[in-house]
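Okay, so the sequence shown: first residue is 1 according to the working numbering, each after it adds one.
Glycine included, each C-beta is placed from N, C-alpha and C at the ideal position.
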Amino acid sequence: MEENAITSVSKLIILKLGGSVVTVKGRLFTPEKEAIVRLAEEIAQSDVNSLIIVHGGGSFGHPVAKQYEINSGYRDSSQLIGFSKTHQAMVTLNRLVINSLIDQNIPAVGIQPSSCIITKSGRIQVMEERPLTRLLRMGFVPVLYGDAVFDSDKGFAILSGDQLISTLAIRLNADRIVIGADVDGICTADPKIDPSAKLINHISLSELKKLQPKIEKAKVTDVTGGMLGKIMELIPAIEQKIPVVIVNAAKPNNICKALNDEKVVGTIINKGEDVAKPN
Ligand code: IP8
Numbered sequence: 001m002e003e004n005a006i007t008s009v010s011k012l013i014i015l016k017l018g019g020s021v022v023t024v025k026g027r028l029f030t031p032e033k034e035a036i037v038r039l040a041e042e043i044a045q046s047d048v049n050s051l052i053i054v055h056g057g058g059s060f061g062h063p064v065a066k067q068y069e070i071n072s073g074y075r076d077s078s079q080l081i082g083f084s085k086t087h088q089a090m091v092t093l094n095r096l097v098i099n100s101l102i103d104q105n106i107p108a109v110g111i112q113p114s115s116c117i118i119t120k121s122g123r124i125q126v127m128e129e130r131p132l133t134r135l136l137r138m139g140f141v142p143v144l145y146g147d148a149v150f151d152s153d154k155g156f157a158i159l160s161g162d163q164l165i166s167t168l169a170i171r172l173n174a175d176r177i178v179i180g181a182d183v184d185g186i187c188t189a190d191p192k193i194d195p196s197a198k199l200i201n202h203i204s205l206s207e208l209k210k211l212q213p214k215i216e217k218a219k220v221t222d223v224t225g226g227m228l229g230k231i232m233e234l235i236p237a238i239e240q241k242i243p244v245v246i247v248n249a250a251k252p253n254n255i256c257k258a259l260n261d262e263k264v265v266g267t268i269i270n271k272g273e274d275v276a277k278p279n
């Protein structure tokens, strides 16, 4: 296609679909099929015109990565098959997500992070983003995922979808990040343990940092650090004034509303002044 047929990328939204939403977390290699289909419908119904989707690993990537200790780096050749299995599990999940998007007439194209990113001690060091930006400019919806990647210090590592969205948002100057989680947002305490926990509708970066010790620690199956790890990864993007909206993607219509920037139950995080208000 001619260069002049490519429109510019504006108002880019980066959407994370959490692994706990698109898979059944306690059941190995089990997709949450209804949620995947519903989310594709919500994305199709939204008004976004420039979108990157990144999904997490859930019961596809995490158990295998944990079994073979991929995130600890290369120790011996017995892990190689584990790297392959982890990556392949993510490719399988990615295919399911992309098929549902295509069924909704969304021109989704998968991009393998392991083929265009190298990390250094687990942090993104090299990223070839030209195919991605080209897809975006042409009106495609690139779909990436947390993946097993090559690492210049450790041999290999696990790159979380959250590190990926933060990096993409900064490099591509995104307008907003929308996180589709399996909880309503950030609470004053862990709602799974403390019934008095209240949802925070709006929080500034400095307040978020203060709340850090209270935010839920890594779940046992999550090699990339549970809710705390996810929030911490977003900080560099929030520092660049890219707002983050966390909503419960397991509840219908939240993703559509968040993509359209409509009022929705959830937590908005931005760099601004201290505003935390439990509802
Ligand atoms: O679920 C990790 O991505 P995340 C993916 O976004 C793998 O942390 C391969 C475990």
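Thr-23 is bridged by DSSP to Pro-31. Here DSSP, grouped into helix, strand and coil, assigns Leu-17 to strand. Taken in chain order, the complete beta strand (DSSP E) segments of 3 or more residues contained in the region 97-145 are 108-110, 117-120, 123-127 and 141-145. For Asn-254, the enclosing alpha helix (DSSP H) stretches over residues 254-259. Asp-147 and Asn-49 have their alpha carbons spaced roughly 26 Å apart. When secondary structure is reduced to three states using DSSP, Leu-172 falls in the coil class, being assigned neither helix nor strand. Exposure of Ser-115 is indicated by the presence of fewer than 16 other C-beta atoms within 10 angstroms of its C-beta. By the Cβ criterion, the region 177-193 is in contact with the region 240-258, since at least three pairs of Cβ atoms, one from each stretch, lie closer than 8 Å. Where Ala-65 is concerned, there is no enclosing beta strand (DSSP E), although the alpha helix (DSSP H) around it starts and stops at 58-67. The alpha carbon of Ile-98 has as its nearest neighbour, out of Thr-167, Lys-33, Ser-46 and Asp-153, the alpha carbon of Lys-33.
In this structure, Ile-269 is the residue among Ile-124, Ile-269, Leu-28 and Gly-139 with its C-alpha nearest to the C-alpha of Gly-185. In the three-state reduction of the DSSP assignment, Leu-159 falls in the strand class. The Cβ-Cβ distance between Gln-125 and Thr-119 falls below 7 Å. In terms of side-chain proximity, the C-beta atom of Thr-23 is found no nearer than 6 Å to any non-hydrogen atom of the ligand IP8. Apart from the 5 residues on each side of it in sequence, Ser-46 sits with its Cβ closer than 7 Å to the Cβ of Cys-256, Leu-259 and Asn-260 in its chain, given in chain order. By the CB criterion at 7 Å, Lys-25 and Gly-58 fall inside the cutoff. The region 125-140 makes no contact with the region 63-74, as fewer than three CB pairs between them are under 8 Å.
In the same chain as Gly-110, and ignoring 5 residues on each side of it, the C-beta atoms closer than 7 Å to its own belong to Asn-94, Ile-98 and Val-143, in chain order. Contact between Ala-189 and Ile-242 is ruled out by a C-beta separation of about 27 Å, above the 8 Å threshold.
Taking the Cβ of Met-227 as the reference point, every heavy atom of the ligand IP8 lies at 6 Å or farther away. With contacts defined as CB atoms closer than 7 Å, Val-22 and Ile-36 qualify as a contacting pair.
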